[in-house]
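*Asks:* Take this structure, written in structure tokens, and hold onto it; I'll ask about it next.
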Amino acid sequence: MALPGDLDAERAAFAERLASATDLGAATRDKYLRNVGYFLAWLADAREAGALDGDPLTDPNARDWAVRDYRRTLKNTRTRAGARLSAATINNRLAALDAFFALRGSGRPDVVREHLARPSAPRALDGRAKLRFLRTVARDASVRDRVICHLAYYAGLRVAEIVALDVADLRLSARKGTVRVRGKDRTVPLHSEVRSSLERLLDELGRPGAGPLVRNRDGGRLSTRAAAAAVTALGAAAGIGPDDDGEAFGPHVLRHTFGADLVRGRGDLARDPVDLVTVAELMGHADINTTRRYALPTEADKATALEALTIDR
Numbered sequence: 001m002a003l004p005g006d007l008d009a010e011r012a013a014f015a016e017r018l019a020s021a022t023d024l025g026a027a028t029r030d031k032y033l034r035n036v037g038y039f040l041a042w043l044a045d046a047r048e049a050g051a052l053d054g055d056p057l058t059d060p061n062a063r064d065w066a067v068r069d070y071r072r073t074l075k076n077t078r079t080r081a082g083a084r085l086s087a088a089t090i091n092n093r094l095a096a097l098d099a100f101f102a103l104r105g106s107g108r109p110d111v112v113r114e115h116l117a118r119p120s121a122p123r124a125l126d127g128r129a130k131l132r133f134l135r136t137v138a139r140d141a142s143v144r145d146r147v148i149c150h151l152a153y154y155a156g157l158r159v160a161e162i163v164a165l166d167v168a169d170l171r172l173s174a175r176k177g178t179v180r181v182r183g184k185d186r187t188v189p190l191h192s193e194v195r196s197s198l199e200r201l202l203d204e205l206g207r208p209g210a211g212p213l214v215r216n217r218d219g220g221r222l223s224t225r226a227a228a229a230a231v232t233a234l235g236a237a238a239g240i241g242p243d244d245d246g247e248a249f250g251p252h253v254l255r256h257t258f259g260a261d262l263v264r265g266r267g268d269l270a271r272d273p274v275d276l277v278t279v280a281e282l283m284g285h286a287d288i289n290t291t292r293r294y295a296l297p298t299e300a301d302k303a304t305a306l307e308a309l310t311i312d313r
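For the sequence shown, counting from 1, position 69 maps to 69 in our numbering; every step adds exactly one.
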């Protein structure tokens, strides 16, 4: 997005501070930078319209007023599908502004966060949908796209982590394998299904010793958008689309399914529940409360529980 010179310089300086003064992963830094870009674009428009009460970059009161006005704008913003931004999305954008103002030495804005609904388990595929999806992947996916799907479900990797992988991050042998995940640096053991898919991909690539693992047609690194679109298309082929709240199906749902299957001890990943600390390490969660969400009941769990009630007919 195009910004006036001074605000573009603010964005560039924020990018440098994020990289040098924080230990955030690359994907998180990109999200913060993108969200701050949205705010700076809004700020440019508000400044041109004379809708600011002081300079938010020099005056603490004007800073708070501007961010509060921006929060009201977000509450009235609609997505392409016509839905309002979720409370979590608005809070994520405000968190990026906390980082922006704090890192430039201006102090965090005094702005109330949106109220979040009681947390529930993240969206994950149930047994039948999961089997249907995996069969569709086995039948229809290219070797590359099969690797993307398998790394998301069988290893729990984020899509940004998948496309960031290099060939050198893999360690494969006949009976085991690991992958070094960048950003939130960790090493994840590989399920046999992933190892098989990776071996096929490496064969297709000619067994390179270096370079990106997941590549586009030109041999460069595949974008996160293209990787997510490939998974979404395979989901559509398997009859899996957005949920009732409009949340799209994509790699994040496969990652959630990985977490849910481990925590609940179901599917091919775990016959018995796996302790939360282990799952948090595998998924790269800094806060175990993030992992704990996979133990919460889903809406389907609640509905099933009600079916157990006695009915006198």
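Backbone N, C-alpha and C fix where the C-beta goes; we use that ideal spot for every residue, glycine too.
Just to confirm the assignment, what range does the alpha helix (DSSP H) spanning GLY25 have?
*Replies:* Counting from one through the sequence shown, the residue named residue 25 turns up at place 25. GLY25 -> no alpha helix (DSSP H), and no H or E assigned at all.
*Asks:* Between which two residues does the alpha helix (DSSP H) harbouring GLY235 extend?
*Replies:* The residue labelled residue 235 in the question sits at position 235 within the sequence shown. Where GLY235 is concerned, the enclosing alpha helix (DSSP H) stretches over 224-237.
*Asks:* Assuming PRO56 and ALA66 form a contact by the criterion Cβ under 8 Å, report the distance between their Cβ atoms to the nearest whole angstrom.
*Replies:* As a position in the sequence shown, residue 56 is number 56, starting the count at 1. As a position in the sequence shown, residue 66 is number 66, starting the count at 1. Yes, PRO56 and ALA66 are in contact; Cβ-Cβ is about 4 Å, under 8 Å.
*Asks:* Can you check which of these residues, ALA295, ALA303, ASP312 and ILE311, is closest to SER120 by C-alpha distance?
*Replies:* The residue you call residue 120 lines up with position 120 of the sequence shown. Checked all of ALA295, ALA303, ASP312 and ILE311; the closest Cα to SER120 is ALA295.
*Asks:* Kindly identify the DSSP beta-bridge partner or partners of THR187.
*Replies:* Within the sequence shown, residue 187 is the residue found at index 187, counting from 1. BP columns for THR187 point to ARG180.
*Asks:* Along the chain, where does the beta strand (DSSP E) containing LEU314 start, and where does it finish?
*Replies:* Since the first residue shown for the chain is 1 and the last is 313, residue 314 is missing from the structure and cannot be characterised.
*Asks:* Quick one: Cα of LEU7 to Cα of HIS191, how far?
*Replies:* If you number the sequence shown from 1, residue 7 lands on position 7. If you number the sequence shown from 1, residue 191 lands on position 191. In a straight line, the C-alpha of LEU7 is about 47 Å away from that of HIS191.
*Asks:* What does the Cβ neighbour count give for ALA260, buried or exposed, with the cut at 16 atoms within 10 Å?
*Replies:* Here the question's residue 260 lines up with position 260 in the sequence shown. That one is buried.
*Asks:* At what residues does the alpha helix (DSSP H) containing HIS252 begin and finish?
*Replies:* In the sequence shown, residue 252 corresponds to position 252, counting from 1. From DSSP, the alpha helix (DSSP H) with HIS252 extends over 251-264.
*Asks:* Ordered along the chain, which non-local residues of its own chain (more than five positions away) have a Cβ less than 7 Å from that of GLU204?
*Replies:* As a first step, residue 204 is located in the sequence shown; it is residue number 204 there, counting from the start. Cβ within range, chain order: VAL143.
*Asks:* Where do the N-terminal and C-terminal ends of the alpha helix (DSSP H) with ARG78 fall, by residue?
*Replies:* Working through the sequence shown from its first residue, we reach residue 78 at position 78. From DSSP, ARG78 is part of no alpha helix (DSSP H); its letter is neither H nor E.
*Asks:* Three or more C-beta pairs under 8 Å: does that hold for the region 232-244 against the region 177-194?
*Replies:* The answer is no - the region 177-194 does not touch the region 232-244, with fewer than three Cβ pairs under 8 Å.
*Asks:* What does a CB cutoff of less than 6 Å around ASN91 pick up in its chain, not counting 5 residues either side in sequence?
*Replies:* Within the sequence shown, numbered from 1, the residue matching residue 91 stands at position 91. Answer for ASN91: ARG113 and GLU114, listed in chain order.
*Asks:* What separation, rounded to the nearest whole angstrom, lies between the Cα atoms of PHE249 and ARG34?
*Replies:* Against the sequence shown, residue 249 aligns to sequence position 249. Against the sequence shown, residue 34 aligns to sequence position 34. Cα to Cα, the separation comes out at about 22 Å.
*Asks:* Across which residues does DSSP place PRO212 in a beta bridge pair?
*Replies:* Position 212 of the sequence shown holds residue 212. The partner list for PRO212 (beta bridge, DSSP) reads ASP166.
*Asks:* Got a sec, what are the start and stop residues for the alpha helix (DSSP H) GLY107 sits in?
*Replies:* Numbered from 1 along the sequence shown, position 107 holds the residue referred to as residue 107. Here GLY107 belongs to no alpha helix (DSSP H), and DSSP marks it neither H nor E.
*Asks:* Give the single residue among ASP45, ALA99, ASN216 and LEU125 whose Cα lies nearest to the Cα of SER299.
*Replies:* Taking the sequence shown and counting its residues from 1, one reaches residue 299 at position 299. What sits at residue 299 in the sequence shown is Glu, not Ser. GLU299 has its Cα closest to that of LEU125, out of ASP45, ALA99, ASN216 and LEU125.
*Asks:* Here's a check: name, in chain order, each residue in its chain whose Cβ is nearer than 6 Å to the Cβ of ALA99, leaving out the five neighbours to either side.
*Replies:* By one-based count along the sequence shown, residue 99 stands at place 99. Hits under 6 Å: TYR32.
*Asks:* Mind checking whether VAL263 and VAL279 have CB atoms under 7 Å apart?
*Replies:* Looking up residue 263 in the sequence shown gives position 263. Looking up residue 279 in the sequence shown gives position 279. Yes, these two residues count as a Cβ contact at 7 Å.
*Asks:* Look at the alpha carbon of LEU165 and the alpha carbon of THR28, and state the distance between them as a whole number of angstroms.
*Replies:* Locating residue 165 in the sequence shown gives position 165, where the first residue counts as 1. Locating residue 28 in the sequence shown gives position 28, where the first residue counts as 1. Going from the Cα of LEU165 to the Cα of THR28 covers about 16 Å.
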